[in-house]
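Q:
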Amino acid sequence: MTYDNWLKTIPSEIINEPLWNMNLYRHALFPGKLAWFDSSKLSQNRRTLRLSAQLYRATGKISSNIAEGYSMASGKDPAHFQVPMPSDTQYAIR
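Quick look at the structure:
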């Protein structure tokens, strides 16, 4: 998947957010999508299962941290810009 192809798949709900105008944020979301494919492959091997989860969490945190910083700088409610990641939920349950 290329960056340009990925951009075509983004829902309008995300594109219409002010945060989407930040080039940095868009480029931070893309590795998370790529990591999904890599994590899926890594999770098929018992030896790389933990690495798979770590990769997916780490790449998801990049855009999440940018969104949090944006909300603090703009005075917006941080929850409004929080991007929930399935791995975040799994991590919190542990």
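The sequence shown runs 3 to 96 under the working numbering. Note that the Cβ used here is the ideal one computed from N, Cα and C, for glycine as well.
I'd like to check one pair, LEU44 with LEU31: are the Cβ atoms closer than 7 angstroms?
A: Translated into positions along the sequence shown, residue 31 becomes position 29. Translated into positions along the sequence shown, residue 44 becomes position 42. In this structure, LEU44 does not lie closer than 7 angstroms to LEU31 by Cβ.
Q: Can you give the Cα-Cα distance for ILE17 and TYR27, rounded to whole angstroms?
A: Numbered from 1 along the sequence shown, position 15 holds the residue referred to as residue 17. Numbered from 1 along the sequence shown, position 25 holds the residue referred to as residue 27. Answer to the nearest angstrom: the Cα atoms are 11 angstroms apart.
Q: Exposed or buried, SER66, counting other C-beta atoms within 10 Å across all chains shown (16 or more means buried)?
A: The residue labelled residue 66 in the question sits at position 64 within the sequence shown. Buried is the call here.
Q: Roughly how many angstroms separate the alpha carbons of THR61 and HIS29, rounded to a whole number?
A: Taking the sequence shown and counting its residues from 1, one reaches residue 61 at position 59. Taking the sequence shown and counting its residues from 1, one reaches residue 29 at position 27. Taking the straight line from one Cα to the other gives about 11 angstroms.
Q: At what residues does the alpha helix (DSSP H) containing LYS43 begin and finish?
A: Residue numbering aside, residue 43 sits at position 41 when the sequence shown is read from its first letter. Start and end: 25 to 44.
Q: Compare the C-alpha of ARG59 against each of ASN25, ASP40 and ARG49 and name the closest.
A: Looking up residue 59 in the sequence shown gives position 57. The shortest C-alpha separation from ARG59 is found at ASP40.
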